[in-house]
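**Student:** In terms of my numbering, the sequence shown opens at residue 24 and continues consecutively.
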Amino acid sequence: MPLIAMRDIKFSFGGPLLLRGIDFQINPAERVCLLGRNGSGKSTFLRLLRGELDVDGGEITRQPQLRISMLNQSVPQNIKGKVFDVVAEGLGKIWESLAEYHRLAHENADGQDNEANARLLRLHNELDKSDSWKKMNVVETAISQVSVNAEAEFSELSAGLKRRVLLARALAAEPDILILDEPTNHLDIESIRWIEDFLLRCGKTLLFVTHDRKFLKKLSTRIIEIDRGRLFNWDCSYEDYLKRKAENFAAEQKHKKQFDKKLAEEERWIRKGIQARRTRNEWRIKALGKMRQIRSQRRNIDGLMRIEVNKAERSGELVAKFEGVSFAYDNKESEPIIRDFDATILRGDRIGVIGPNGIGKTTLLKLLLGELTATSGKSKLGTNVQCAYFDQLHGQLDVKKSLMENIGEGYDTVTINGRKKQVTAYLMDFMFEPDKIKSPVFNLSGGERNRLQLAKMFTHPSNVLVLDEPTNDLDIETLELLEEMLIEYPGTVLVVSHDRAFLNNIVTSTFVMEGQGQVKEFAGGYDDWLIQRKDVEEVREEKSAKKKPSRLKTPKSVKLTYNQKRELEKLPCVIEKLEKQIASLHKKMAEPAFYKQNGEIIAETNTNLDELESELANAYSRWEELASIEEL
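Below, the structure is given as structure tokens:
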């Protein structure tokens with residue numbers, strides 16, 4: 024028997040129907056994923072389920088004493104108190120007694136305070152009578168499961184840890200249905216994997232919204248989707264959902280084409296003049312009016328974002344190089360966040376950065392950008408590097424200004440790859456409706472702010488994109504479009520993300536922050552790192568008594584010859600000379616007068632630049648080859 028059922032639900036906020044003809048039910052132990060574009064009505068649907076909104080039509084039935092808990096995607100700003108207090112709030116009326124008992128027991132651990140002892144005894148008896156000790160265990164278990172200190176102040180926790188505490192609070196209520204709205208937002212990958220495993224084990228009935236495709240694939244037993252006000256049920260895997268949806272889309276497009284052709288024929292007929300036959304053709308005129316109404320109400324289902332990046336001239340072959348770089352915010356007095364970091368970033372690299380929350384991923388990005396100076400070690404940015412930066416905190420947006428003011432910066436147009444475009448049209452490419460364009464940014468949802476941040480970033484010419492958690496709050500369709508753009512981007516990409524599928528699809532290597540300042544590089548994306556990490560751990564666990572394969576012994580023949588040593592010593596000077604020549608040509612080509620010269624001179628300069636950059640690439644390749652032999 025369904026825990027909750029909706030039949031022919033209609034709902035609006037006083038205007039056109041936002042949801043119509045909704046039929047839905049959820050059964051015990053189901054794990055249902057709710058999909059839909061940003062603004063499609065997912066949050067409204069969840070509020071209707073919880074009884075926070077009244078329907079305009081239809082019926083919702085719930086099992087008696089049905090308990091529903093929800094983890095919202097945003098963290099409330101007004102929550103105060105210790106972690107135990109916050110989690111215990113999920114229990115309802117008894118939480119105050121439990122929280123006070125926990126606080127007094129912790130403060131009076133030595134039993135020396137007689138007044139506290141007396142109060143503890145009264146609370147103990149009170150909790151005994153109400154059989155509430157099981158609830159205390161529920162709270163303590165929930166806290167231990169999310170691995171947070173029960174005595175920590177909630178307000179002092181990171182965003183990721185706060186979400187884990189709120190999940191514990193939702194679980195402490197022992198709900199029949201647990202609703203999760205973007206539960207992976209702001210969590211690091213290890214926390215996401217923990218949540219996945221926990222939710223699979225706990226046996227709870229789940230209804231969740233997510234843009235994390237790995238989370239969706241692992242957890243969901245069924246997919247539902249809100250599309251143009253209607254709810255569609257996809258009782259299949261995510262891969263089959265994509266296939267079946269594409270087939271439905273193709274059929275709908277074919278029907279639209281036939282409808283538009285018929286409408287055009289009827290419009291031509293009406294224009295020919297039918298006054299003499301008005302009475303006999305009244306039915307046809309009414310049918311045309313109905314067709315016009317259907318056409319005017321039809322929403323554009325293929326209206327995806329149209330992303331175009333403002334590309335700068337390409338950078339030099341070397342984008343950045345780091346040798347033994349360490350960084351601490353209090354210089355050498357505190358423990359380094361980054362320790363002995365070595366990396367060479369070349370043009371065209373797409374690098375992911377992963378690690379636990381608070382470990383220093385954003386700090387590493389700022390070091391790579393040159394916004395922070397290393398405490399020790401050598402760092403070098405390449406020639407003609409132009410960065411565009413996506414800040415997960417949206418610090419580049421002025422929330423008091425309108426969308427148009429944020430993008431136009433005082434102008435009505437933006438210039439993208441040499442072409443001027445109206446700011447209004449540019450924002451519509453990012454799926455902002457005209458009536459929103461003059462609204463202040465603080466009215467936007469999280470997903471809309473992310474889209475606006477992307478729109479602003481892409482107006483600036485760049486050959487290096489640096490993105491700090493760009494996937495938060497984006498719907499899956501927008502996320503996949505962003506992936507396609509990054510894959511085709513001709514420059515260099517550095518991205519911090521907790522989205523494992525996103526990393527798998529776009530990056531060519533991964534910087535993994537492992538704690539104690541250690542940053543290690545692995546080839547490939549997230550799944551590739553898991554495989555390599557497993558291999559590394561297996562190697563570490565091998566007993567030293569085992570005989571090592573002879574192929575691992577370094578034969579004498581791989582040692583550098585005298586000439587190779589001389590070549591290796593000279594290569595840094597060769598590379599520096601080539602980089603200076605390339606920088607000189609870039610500077611020359613940046614002058615307006617350069618392009619007023621004879622076409623042959625311009626072509627010759629471009630050829631010289633290509634040859635120098637090819638030489639530089641070969642020099643770097645040779646340097647790495649010889650250096651790797653020297654290390655053996």
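Ideal Cβ positions, reconstructed from N, Cα and C, are used throughout, including at glycine.
Buried or exposed for C56, please, with buried defined as at least 16 other CB atoms from any protein chain shown within 10 angstroms of its CB.
**Tutor:** Indexing the sequence shown from 1 puts residue 56 at position 33. The residue in question, C56, is buried, as its Cβ has 16 or more Cβ neighbours within 10 Å.
**Student:** Looking at the secondary structure, which residues open and close the beta strand (DSSP E) in which K401 lies?
**Tutor:** The residue you call residue 401 lines up with position 378 of the sequence shown. K401 -> beta strand (DSSP E) spans 399-404.
**Student:** In the DSSP output, which residue or residues are listed as bridge partners for C410?
**Tutor:** Here residue 410 is taken as the residue at index 387 of the sequence shown, counted from 1. BP columns for C410 point to V487.
**Student:** Determine the extent of the beta strand (DSSP E) in which C225 is found, giving its start and end residues.
**Tutor:** As a working note, residue 225 is residue 202 in the sequence shown. Counting along the chain, C225 falls outside any beta strand (DSSP E), though it belongs to the alpha helix (DSSP H) covering 212-225.
**Student:** Between the region 545-558 and the region 527-537, are three or more C-beta pairs nearer than 8 Å?
**Tutor:** At 8 Å Cβ cutoff, the stretches touch.
**Student:** Pairs of beta-carbons, one from the region 332-345 and one from the region 483-492, closer than 8 Å: are there three or more?
**Tutor:** Flag = yes, the region 332-345 and the region 483-492 touch.
**Student:** Between which two residues does the beta strand (DSSP E) harbouring L517 extend?
**Tutor:** Position 494 of the sequence shown holds residue 517. Start and end: 515-519.
**Student:** Please go through the same chain and pick out, in chain order, the residues whose beta-carbon is closer than 7 Å to the beta-carbon of A165, but skip the five residues on each side of it.
**Tutor:** Mapped onto the sequence shown, residue 165 falls at position 142. Counting only Cβ-Cβ distances below 7 Å, and skipping sequence neighbours, we find V110, A191, L194, A195.
**Student:** With DSSP collapsed to three states, give me the class of T385.
**Tutor:** Position 362 of the sequence shown holds residue 385. T385: helix per DSSP, three-state reduction.
**Student:** Between the Cα of K424 and the Cα atoms of S399, A52, L467, R85, which residue gives the shortest distance?
**Tutor:** For the purposes of this step, residue 424 is taken as the residue at position 401 of the sequence shown. K424 has its Cα closest to that of L467, out of S399, A52, L467, R85.
**Student:** Just tell me which of Y412, R187, F238 has its CA closest to the CA of R523.
**Tutor:** Mapped onto the sequence shown, residue 523 falls at position 500. Among Y412, R187, F238, the Cα nearest to that of R523 is on F238.
**Student:** Between the C-alpha atoms of L447 and N440, what's the straight-line distance to the nearest angstrom?
**Tutor:** Residue 447 sits at position 424 when you count from the first residue of the sequence shown. Residue 440 sits at position 417 when you count from the first residue of the sequence shown. Inspection of the sequence shows that residue 447 is occupied by Thr rather than by Leu. For T447 and N440, the distance between alpha carbons rounds to 17 Å.
**Student:** According to DSSP, which residues form a beta bridge with R253?
**Tutor:** Position 230 of the sequence shown, counting from 1, holds the residue named residue 253. According to DSSP, which records beta bridges pairwise, R253 is partnered with D250.
**Student:** Enumerate in chain order the residues of its own chain whose CB-to-CB distance from E590 is below 8 Å, with the five nearest sequence positions on each side excluded.
**Tutor:** Taking the sequence shown and counting its residues from 1, one reaches residue 590 at position 567. The answer, listed in chain order, is R645, L649.
**Student:** Name the DSSP beta bridge partners of I360, please?
**Tutor:** Numbered from its first residue, the sequence shown carries residue 360 at position 337. According to DSSP, I360 bridges with nothing at all.
**Student:** Quick test of your reading: I377 and M427, contact by CB under 8 Å. State the CB separation rounded to the nearest angstrom.
**Tutor:** Within the sequence shown, the letter at position 354 stands for residue 377. Within the sequence shown, the letter at position 404 stands for residue 427. I377 to M427, Cβ: 36 Å. No contact.
**Student:** As a quick exercise: from Y643, V519, L222, T438, pick the residue whose alpha carbon is nearest that of T386.
**Tutor:** Here residue 386 is taken as the residue at index 363 of the sequence shown, counted from 1. Nearest option by C-alpha distance: V519.
**Student:** With DSSP collapsed to three states, give me the class of M536.
**Tutor:** Stepping through the sequence shown from its first residue, residue 536 is reached at position 513. Note: M536 maps to strand in three-state DSSP.
**Student:** Quick one: is Q276 buried, meaning 16 or more other Cβ sit within 10 Å of its Cβ, or exposed?
**Tutor:** Numbered from 1 along the sequence shown, position 253 holds the residue referred to as residue 276. That one is exposed.
**Student:** Mapping DSSP to helix, strand and coil, what is F465?
**Tutor:** Working through the sequence shown from its first residue, we reach residue 465 at position 442. The answer is helix: DSSP assigns F465 an H, G or I state.
**Student:** According to DSSP, which residues form a beta bridge with D204?
**Tutor:** Here residue 204 is taken as the residue at index 181 of the sequence shown, counted from 1. Answer is V232.
**Student:** Taking just the CA atoms, how far does I83 sit from G252?
**Tutor:** Within the sequence shown, numbered from 1, the residue matching residue 252 stands at position 229. Within the sequence shown, numbered from 1, the residue matching residue 83 stands at position 60. Each residue's Cα considered, the two are about 17 Å apart.
**Student:** In this structure, how does DSSP classify S425 when only helix, strand and coil are distinguished?
**Tutor:** Here residue 425 is taken as the residue at index 402 of the sequence shown, counted from 1. DSSP places S425 in strand when its eight states are reduced to three.
**Student:** Compare the beta carbon distance of D372 and T207 with 8 Å and say whether it is the shorter of the two.
**Tutor:** Here residue 372 refers to the residue found at position 349 of the sequence shown. Here residue 207 refers to the residue found at position 184 of the sequence shown. Cβ atoms of D372 and T207: not closer than 8 Å.
**Student:** Given a cut-off of 8 Å on the beta-carbon distance, is the pair I605 and E636 in contact?
**Tutor:** Sequence index remark: in the sequence shown, residue 605 carries index 582 (1-based). Sequence index remark: in the sequence shown, residue 636 carries index 613 (1-based). In this structure, E636 lies closer than 8 Å to I605 by Cβ.
**Student:** Identify which residue in K603, T630, L639 has its Cα closest to the Cα of L594.
**Tutor:** As a position in the sequence shown, residue 594 is number 571, starting the count at 1. That would be L639, whose Cα lies nearest to the Cα of L594.
**Student:** Give the straight-line distance between the Cα atoms of Q168 and Q555, rounded to the nearest whole angstrom.
**Tutor:** Indexing the sequence shown from 1 puts residue 168 at position 145. Indexing the sequence shown from 1 puts residue 555 at position 532. Their backbone Cα atoms lie some 28 Å apart in a straight line.
**Student:** Residues in the same chain with beta-carbon distance under 7 Å from M24, minus the five sequence neighbours each way, listed in chain order, please.
**Tutor:** The count along the sequence shown starts at 1 and reaches residue 24 at position 1. No residues qualify anywhere along the chain.
**Student:** Since I27 is in the alpha helix (DSSP H), which residue starts that stretch and which ends it?
**Tutor:** Counted from its first residue, the sequence shown places residue 27 at position 4. Careful: I27 lies outside any alpha helix (DSSP H), inside the beta strand (DSSP E) at 27-34.
**Student:** Would you report the Cα separation of G375 and M93, rounded to the nearest angstrom?
**Tutor:** For the purposes of this step, residue 375 is identified with residue 352 of the sequence shown, where counting begins at 1. For the purposes of this step, residue 93 is identified with residue 70 of the sequence shown, where counting begins at 1. Looking at the two C-alpha atoms, the distance is approximately 32 Å.
**Student:** What number of angstroms, rounded off, separates the C-alpha of D211 from the C-alpha of I625?
**Tutor:** Numbered from its first residue, the sequence shown carries residue 211 at position 188. Numbered from its first residue, the sequence shown carries residue 625 at position 602. If I take the Cα positions, the gap works out to 50 Å.
**Student:** Closer than 7 Å by C-beta to A175: which residues in its own chain qualify, once you throw out the five before and the five after it? Chain order, please.
**Tutor:** By one-based count along the sequence shown, residue 175 stands at place 152. Excluding sequence neighbours, A175 sits near K105, V106.
**Student:** How close, in whole Å, do the beta carbons of D250 and S63 come, if the pair is a contact with beta carbons under 8 Å?
**Tutor:** Residue 250 sits at position 227 when you count from the first residue of the sequence shown. Residue 63 sits at position 40 when you count from the first residue of the sequence shown. About 7 Å separates the two Cβ atoms, so the contact holds.
**Student:** What would DSSP say about S567, mapped onto helix, strand or coil?
**Tutor:** As a position in the sequence shown, residue 567 is number 544, starting the count at 1. The predicted position of S567 is uncertain, since its pLDDT is 43 and thus under 50; a value taken from the coordinates is nonetheless stated next. S567: coil per DSSP, three-state reduction.
**Student:** Rounded to whole angstroms, what's the CA-CA distance from Q188 to D435? Just pull it up for me.
**Tutor:** Your numbering for residue 188 matches position 165 in the sequence shown. Your numbering for residue 435 matches position 412 in the sequence shown. The sequence as given places Val at residue 188; Gln does not occur at that position. Roughly 45 Å between the two C-alpha positions.
**Student:** Report the partner residues of K543 according to the DSSP bridge assignment.
**Tutor:** Along the sequence shown, one-based indexing puts residue 543 at 520. Beta-bridge pairing links K543 to V535.
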